[in-house]
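*Asks:* For reference, the structure I am asking about is given below.
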Ligand code: HEM
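Numbering (our numbering), first residue to last: 3 to 156.
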């Protein structure tokens, strides 16, 4: 999931530079196809969180910090879903899943598509910020001798 999200995020912005070239269509459809696959997987992953065996957090972390981590994770999930849902609702044309399967856009109302295009842009920005913070936190805890946090994530 992380790989798909980071890839889609980078390519989503790189697409600006590819506009007008033949690569735009290819990478745009590939991005949408990967994100389409990611959507049900993300849903299963979200539900599985409530049933999987939970791993204890490393000792020595204050209750407030644990609460903050829980809050940030909820915001993280919410933002990912906002990005995915807005991605579908902003579509101004149909696309082909990996060039094979025709997918009809769910909403064909320009004003609604435009609204969700804006929502997609902003939710992508928020997701990008959380992603960078997430990676920075992992690096920090790894460098400062707390690799158990990275192990817990994996
Ligand atoms: C993994 C989740 C996703 C991420 C990280 C992501 C990321 C991005 C980013 C960063 C942009 C550029 C935003 C900007 O110009 O400010 C973008 C554009 C776009 N996204 Fe997404 N997106 C995701 C899911 C989706 C989904 C599910 C769809 C629809 C199936 C979609 C369709 C689009 C479209 C149509 C554009 C405009 C550029 C283009 O034609 O490809 N995205 N996305």
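For every residue, glycine included, the Cβ atom is placed at its ideal position computed from N, Cα and C.
Check the DSSP bridge columns for residue 97 and list the partner residues they point to.
*Replies:* Within the chain shown, the letter at position 95 stands for residue 97. In DSSP, residue 97 forms a bridge with 105.
*Asks:* With 16 other CB atoms within 10 Å as the buried threshold, where does residue 92 fall?
*Replies:* Sequence index remark: in the chain shown, residue 92 carries index 90 (1-based). So residue 92 counts as buried.
*Asks:* Let's test the definition: count the other Cβ atoms within 10 Å of the Cβ of residue 129 and tell me whether it reaches 16, buried, or not, exposed.
*Replies:* Here residue 129 refers to the residue found at position 127 of the chain shown. Buried is the call here.
*Asks:* Just tell me which of 90, 98, 58 and 124 has its CA closest to the CA of residue 153.
*Replies:* Against the chain shown, residue 153 aligns to sequence position 151. Cα-wise, what sits closest to residue 153 is 58.
*Asks:* Terminal residues of the continuous alpha helix (DSSP H) containing residue 16?
*Replies:* Working through the chain shown from its first residue, we reach residue 16 at position 14. Start and end: 4 to 20.
*Asks:* Does any heavy atom of ligand 1 sit closer than 7 Å to the C-beta of residue 38?
*Replies:* Residue mapping note: residue 38 aligns to position 36 of the chain shown, counting from 1. Correct: residue 38 has its Cβ closer than 7 Å to ligand 1.
*Asks:* Looking only at its own chain, which residues have a Cβ that is under 7 Å from the Cβ of residue 97, when we skip the five neighbours before and after it?
*Replies:* Reading the chain shown from its first residue, position 95 is the one you call residue 97. Correct list, in chain order: 31, 34 and 105.
*Asks:* Output the distance between the C-alpha atoms of residue 85 and residue 24, rounded to the nearest integer angstrom.
*Replies:* Locating residue 85 in the chain shown gives position 83, counting from the first residue. Locating residue 24 in the chain shown gives position 22, counting from the first residue. Distance between the alpha carbons of residue 85 and residue 24 is about 25 Å.
*Asks:* In whole angstroms, give me the CA-to-CA distance for residue 18 and residue 61.
*Replies:* Taking the chain shown and counting its residues from 1, one reaches residue 18 at position 16. Taking the chain shown and counting its residues from 1, one reaches residue 61 at position 59. For residue 18 and residue 61, the distance between alpha carbons rounds to 46 Å.
*Asks:* Below 8 Å, how does it come out for the region 69 to 86 and the region 37 to 47: are there three or more Cβ pairs, yes or no?
*Replies:* Touching, yes, given that three or more Cβ pairs across the two stretches are closer than 8 Å.
*Asks:* With 16 as the cutoff for other CB atoms within 10 Å, does residue 14 come out buried or exposed?
*Replies:* Residue numbering aside, residue 14 sits at position 12 when the chain shown is read from its first letter. With 16 or more other Cβ atoms within 10 Å, it is buried.
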